[in-house]
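Enquirer:
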Amino acid sequence: MINSLITLYSQQQHPIFSSSYANAQSEEFAETVEILSPGLQPELGTLVMGCKILLIAILLGLSPGTFSQSDVMSKATMKKLCEMPEFQEALANDAELEPAAVVYDVMSKRLETLESHVEGLEKKLDTTPTQQDVEAMAAALKMELIDHVESRMDQLATQLENNVQDILSDLMNNLANLGYEQGFEIQTHPPTTTVAMTTTTEPPTKDCDYLANMKYESGVHALLYNGTEVEGYCEMNKDGHNWLVIQRRIDGRSFYRNWEEYKNGFGDLMSSFYFGNEKIHQITQARDHVLRVEIGDIFGDTGFAEYSNFSLSSEDEYYSLNYEKYIDGNIGDSLGKAKGRQFSTFDMDRDSTSLYSCARLHKGAFWYDGCGSANLNGVYDKQNAYSFNWQNIFWYTWKRDLRPLSAVKMMIRYSQ
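Final position of the sequence shown in the UniProt record's numbering is 416; the numbers increase by one with none missing.
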């Protein structure tokens, strides 16, 4: 219907601007028309049709320029024109206005919908929280979270305290049941537990003798020397004494190691190992020790040698070997020339000869004296029993040869 009206209007060749201006019966209307297009005289019927078309356009939100490029009317002006009394009567009696009324009705409903939507947006805008509201809600949430955390921490602290009390109570009961007699006076006062100590529970030195008194057997144990804890292998009740093993050879593990490795120790305490020169130095500086060397060969022969007042000097003195004298044994004194000598490795040549490195010559490390008659850290060669080799593990004064030993052990104990 709208397209038909538009077509009809466009075919009128704009009679709305015809020369019958003098027939206008309303001065107000004529004035309005003259303002729009001076000198033009509209015909009432055609003008009614044009007004209806433009009224529809206004209702649809269209511009009058949609219909003709020569139109100069604005929507506001055309609305005023259509409100003239002359047109109101004609429009009221014109059945062809029904389509416009339908359009008006549709547009009215759309307008109501839009107004309702705008109203909803306005209400939503009114309920949208401001920045101040957001900050207030955040502060309240923060306080609530802090209260929850503090409450939970109090619960955990109470639970932890109860658990600790239970553990201490069980510990006290176990100690009482074991008849622990190390100077403790145990008193339990629920709900707290205290332990009154009349003597220290940890001795300043927890050595192999201490462990033997505590009924420990031979093996690897945690030891304490002058406040320093170390792991070591204790051999209990050997010839009536308890020994700390500082070196052992029972397999083919290589002992051709550098200075740092011999300083700190290496190997497996349950197998072949070297305890470490620095630890030996620290232990032997505190008290006098006896050194015992035990050896064995592939034929099953064994022997030993013992030295009194054994100790090692500090690293500044290259862990020099010190002892008073050879005191017992059946394998001779192959350490005689090593007494007072500094320890040598392939990367720290401290032997007495400048012609060559004894450590490199013997493929080992020891207190060499050009190059001595013992090589307890040499090459382990159990397969060649008759090999007379400078690189073998040997103790020359035993059988007066360089045949390899199959077992070596060096260990120390306190002097009596």
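Even glycine gets a Cβ: it sits at the ideal position worked out from N, Cα and C. All values derive from a computational prediction rather than experimental measurement.
(1) Just to confirm the assignment: which complete beta strand (DSSP E) runs, minimum length 3, are found wholly within the stretch 301 to 372?
(2) Quick check on V118: buried or exposed, where buried means 16 or more other Cβ atoms within 10 Å of its Cβ?
(3) Could you pull the start and end residues of the alpha helix (DSSP H) that N213 belongs to?
(4) Is it buried or exposed, K279, if we count other Cβ atoms within 10 angstroms and call 16 or more buried?
(5) Indicate the three-state DSSP secondary structure (helix, strand or coil) for Y216 in the structure shown.
(6) Are the beta-carbon atoms of L321 and W395 separated by less than 8 Å?
(7) What residues in its chain sit with their C-beta under 7 Å from that of A407, if we drop five residues either side in the sequence?
(8) Can you tell me which residues form a DSSP beta bridge with M153?
(9) Under three-state DSSP, which class holds residue 441?
(10) For a test of the three-state rule: what should DSSP assign to F67, helix, strand or coil?
(11) If you reduce the DSSP assignment to three classes, tell me which class G276 lands in.
(12) In angstroms, rounded to a whole number, what distance separates the CA positions of W398 and L171?
(13) Let me know if F275 comes out buried or exposed under the rule of 16 or more other beta-carbons within 10 Å of its beta-carbon.
(14) In the structure shown, what three-state DSSP assignment does G252 receive?
(15) Can you list, in chain order, the residues of its chain whose CB lies under 6 Å from that of F346, leaving out five sequence neighbours each side?
(16) Count the other C-beta atoms from every protein chain shown that fall within 10 angstroms of the C-beta of Y307, then say buried if there are 16 or more, exposed otherwise.
(17) To the nearest whole angstrom, what separates the beta carbons of K363 and Y256, a pair I think is in contact under 8 Å?
(18) For K263, count the other beta carbons within 10 Å of its own beta carbon; 16 or more makes it buried, fewer makes it exposed. Which is it?
(19) Look up N162 in the DSSP assignment and say whether it is helix, strand or coil.
(20) Candidates Y318, D268, G303: which alpha carbon is nearest E260's?
(21) Measuring CB to CB, does Q282 end up less than 8 Å from Y210?
(22) For G265, I'd like the list of residues in its chain whose CB is within less than 6 Å of its CB, leaving aside the five on either flank, ordered along the chain.
(23) Pick from M137, G252, A212, S271: whose alpha carbon is nearest that of W243?
Expert: Straight from the coordinates:
(1) The stretch 301 to 372 contains these whole beta strand (DSSP E) runs: 302 to 312, 326 to 329.
(2) Exposed: under 16 other Cβ atoms inside 10 Å.
(3) Where N213 is concerned, the enclosing alpha helix (DSSP H) stretches over 208 to 213.
(4) So K279 counts as buried.
(5) In the structure shown, Y216 sits in coil (DSSP, three-state: anything other than H, G, I, E or B).
(6) Contact flag unset, no.
(7) Once the five neighbours on either side are set aside, the close Cβ partners of A407 are R249, I250, I295, G296.
(8) DSSP output for M153 lists no bridge partner at all.
(9) With the chain covering 1 to 416 only, the question about residue 441 has no answer from this structure.
(10) Residue confidence is low: F67 scores 43 on pLDDT, short of 50, so the model does not pin down where it sits. Its coordinate-derived value is still stated next. If DSSP states are grouped into helix, strand and coil, F67 belongs with coil.
(11) In this structure, G276 counts as coil in the three-state DSSP scheme.
(12) Taking the straight line from one Cα to the other gives about 55 Å.
(13) Here F275 is buried. Its C-beta has 16 or more other C-beta atoms within 10 Å.
(14) The answer is coil: DSSP assigns G252 none of H, G, I, E or B.
(15) Residues of the same chain with a CB within less than 6 Å of the CB of F346, apart from the 5 flanking positions on each side, are A359, R360 in chain order.
(16) Burial is judged here by how many other beta carbons sit within 10 angstroms of a residue's own beta carbon; Y307 has at least 16 and is buried.
(17) Between K363 and Y256, the beta carbon gap of about 5 Å places them in contact (Cβ cut-off 8 Å).
(18) It is buried - the Cβ of K263 has at least 16 other Cβ atoms within 10 Å.
(19) For N162, the three-state secondary structure derived from DSSP is helix.
(20) Closest in alpha carbon position to E260, among Y318, D268, G303, is Y318.
(21) No, these two residues do not count as a Cβ contact at 8 Å.
(22) Sequence-distant Cβ neighbours of G265 in its own chain, meaning closer than 6 Å and more than five residues away, are Y274, F275, G276.
(23) Ranking M137, G252, A212, S271 by Cα distance to W243 puts A212 first.
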